[in-house]
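Some notes on the structure that comes next.
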Amino acid sequence: MIIITKPEASQESLRQLVADIEAQGLKTTVVVGTEKTIVGVVGDTRRLDDDRLLGHPIVAEVKHISDPFKRANRAFHPDDTVIDVAGAKVGGG
């Protein structure tokens with residue numbers, strides 16, 4: 001599952017959202033992009049109520065991802081990855 005936050009979300013509100021999700025026994029990864037912040041949720045996300053999440057003041061969207069490589073998915077990681085290999089940049093489109 002990925003949760004896309006509203007642009008005006010404060011860091012404190014984001015920390016509280018992540019703490020609430022992790023209290024359900026799920027793991028989270030926060031990805032801060034140039035235009036939006038995504039909270040990736042891994043585990044049995046059936047524990048989370050989509051309507052309750054959407055009612056959270058900083059949540060803009062909730063998406064379920066069932067792809068086996070969800071952490072490498074463009075939806076989870078929207079920005080290009082650039083890796084420096086001995087001074088040579090690899091990736092970035």
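Sequence positions in the sequence shown follow UniProt numbering and run 1 to 93. Cβ atoms here follow ideal geometry from the backbone N, Cα and C, with glycine treated the same way.
Rounded separation between residue i and residue j - CA only
i: residue 19; j: residue 5; result: 15 Å
i: residue 11; j: residue 3; result: 15 Å
i: residue 86; j: residue 80; result: 19 Å
i: residue 13; j: residue 88; result: 38 Å
i: residue 62; j: residue 50; result: 7 Å
i: residue 27; j: residue 90; result: 29 Å
i: residue 16; j: residue 66; result: 25 Å
i: residue 1; j: residue 92; result: 25 Å
i: residue 56; j: residue 43; result: 20 Å
Outcome for residue i when other beta-carbon atoms lying within 10 angstroms are tallied against a minimum of 16
i: residue 39; result: buried
Beta-carbon spacing of residue i, residue j below 8 Å
i: residue 34; j: residue 64; result: no
i: residue 47; j: residue 24; result: yes
i: residue 37; j: residue 9; result: yes
Bridge partner(s) assigned by DSSP for residue i
i: residue 58; result: BP columns for residue 58 are empty, so no partner.
i: residue 27; result: 42
Rounded Cβ spacing between residue i and residue j (contact assumed at less than 8 Å)
i: residue 107; j: residue 41; result: The requested residue 107 is not part of the displayed model; the chain covers only 1 to 93.
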